[in-house]
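Using this note's numbering, you'd call the opening residue of the sequence shown number 4 and step up by one each time. Following: one structure in structure tokens, then a few remarks.
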Amino acid sequence: MKTFFIETWGCQMNELDTQRLSGNLKLRGYKRVDEEANADLILLNTCSVRDKAEQKVFSHLGRLRELKRERDVTIGVCGCVAQQEGKRILERAPWVDFVMGPGNVGHLDAVLEEGRRLAIDFPEDRNYDYLALDRTSPTKAWITIIEGCNKNCTFCIVPTTRGREVSRPFDDVVAEARAAVESGRVEIELLGQTVNAYRCPVTGNDFGALLGAVAEIEGVVRLRFTTSHPAEVSDSMISAMRDHANISRYLHLPVQSGSSRVLRRMKRLYTREKYLETMARIRKEIPDIHFSTDIIVGFPGETEEDFQETLSLIEEVGYGSLFAFKYSPRPGTPALRIGAAVDESIADDRLQRLFALHERIKRERLESYRGRVVPVMVEGPSKHDPAMLSGRTDDYWVVNFHGDPSTPLGSILGVRIDSAQHHTLRGEAVA
Ligand code: SF4
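So, in structure tokens, the structure goes:
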């Protein structure tokens, strides 16, 4: 029996692509192995978002060259670096057998059979075979509903690496969610780079309609989605969230900056005012919502005044969670033409001030749970203390708690919160 190994970097979309690749190979009779030394086929599913992604891939490929000298092994580079670098990978590392972009994940068998070395187009038919997915979690299913992105944020490489938006048919997504529930998954997470830009190519149904339809499938205990774009938040999306108790009260809505001037340079398609208005609309309908966001600090041309606007926006929204990064130029992005990033030491200082502000806001929020009993979905033993269980609240906080270790994964338990840790809550299951 032939064997394969997949190394995965990056976001959930990449993780899901790995599940698709793995499922496809298993259908073809391959067996997955945990060591690349034991594999006949090695796939590197790469990500280009993080710093030095390309160097990491090439240094990994350098090691694989030795393996290839020793024995017959097929090496494929997939994911966003594959899409971005294309045939440059084959030139620099000619021992690589094929380079395949995210648009061709559903066509791996054809790439292998036809011996294609470069597959970085975006075929109209993405060949999304959900029944062949090799899901890793027994209780949770990721479901892609839209691939690619039509926005052109100047700092982002996704429109180049993942192509234009292609939404999957509504009925297909609902059928996949049903099949996932039938296979025991109680938590569904809908995925897309701009998940809420979803529009069914057949019926025109929008994201709100899809959310409602999936939430109403019997057996869907919790429904989440990521990543939303602030300019695509619609009334139907908000009402679906309000009207379905099993849709998580958590919304990740990347703002990137609190300054309209910087947002314009980023081409984010909203202003500070518009973003705040959107947040207010959501909060009016779902008052207990947990907002989280992404922020880029030190974007080219960001002044102290712009940064102060970011701080005041964080304060005004009161994000429970926040992911902030220093701007780092990405090859092939339009931001490279906008100008140099803010001086490194200034950007470092801004990042520290931002984290300090957010620490206080997060702490207040976490402390507000003390003494409350909240429903928690059990995900498994706690990473830090295997004698405890770990799970998530409806609004996506991690809770580590004392409870019956034989509790089936995916169950919902009432947990009394006793204390707030740095990022998590702690408590005890109650009857
Ligand atoms: S909306 Fe998101 S994925 Fe699309 S270009 Fe902007 S940052 Fe990139």
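Cβ atoms here follow ideal geometry from the backbone N, Cα and C, with glycine treated the same way. Nothing here was measured: the structure is a model prediction, and the numbers come from that model.
Query, Result
"For residue 380, write down the residues that DSSP places opposite it in a beta bridge.", "395, 415"
"Ignoring anything shorter than 3 residues, give me the beta strand (DSSP E) runs that lie fully in the region 78-129, in order along the chain.", "101-103"
"Between the region 260-273 and the region 179-196, are three or more C-beta pairs nearer than 8 Å?", "no"
"Is any heavy atom of the ligand SF4 found at a distance shorter than 7 Å from the C-beta of residue 152?", "yes"
"Less than 8 Å between the CB atoms is what I'm expecting for residue 322 and residue 294, so what's the real figure, rounded?", "5 Å"
"Measure how close the beta-carbons of residue 152 and residue 171 come, nearest whole angstrom, since I'm counting them as under 8 Å.", "Contact doesn't hold; Cβ gap of about 15 Å is too wide."
"List the endpoints of the continuous beta strand (DSSP E) containing residue 143.", "143-147"
"Going straight from the alpha carbon of residue 384 to that of residue 341, what length do you get?", "47 Å"
"Go to residue 217, then tell me how far its alpha helix (DSSP H) extends in each direction, as first and last residue.", "210-218"
"Please confirm whether any heavy atom of the ligand SF4 lies closer than 7 Å to the CB of residue 155.", "yes"
"Using a C-beta cutoff of 8 Å, does residue 204 count as contacting chain B?", "Checking the listed chains, one finds no chain B in this structure; it contains a single protein chain."
"Count the other CB atoms within 10 Å of the CB of residue 25; is the residue buried (16 or more) or exposed (fewer)?", "buried"
"For the beta strand (DSSP E) that contains residue 360, what are its first and last residues?", "Note, residue 360: premise wrong, no beta strand (DSSP E); alpha helix (DSSP H) at 347-370."
"Sort 344, 419, 411, 107 by Cα distance to residue 79 and report the nearest one.", "107"
"Go ahead and label residue 143 buried or exposed: buried means 16 or more other beta carbons lie within 10 angstroms of its beta carbon, across all protein chains shown.", "buried"
"What number of angstroms, rounded off, separates the C-alpha of residue 137 from the C-alpha of residue 228?", "20 Å"
"For the structure I just gave you, are there three or more beta carbon pairs, one from the region 81-101 and one from the region 46-66, closer than 8 Å?", "yes"
"For the ligand SF4, is there a heavy atom less than 7 Å away from the beta-carbon of residue 197?", "yes"
"Mind checking who residue 402 pairs with in its DSSP beta bridge?", "394, 428"
"Rounded to whole angstroms, what's the CA-CA distance from residue 441 to residue 199? Just pull it up for me.", "Limits of the chain in this structure are 4 at one end and 434 at the other, which puts residue 441 out of reach."
"For residue 36, name the three-state secondary structure that DSSP assigns.", "coil"
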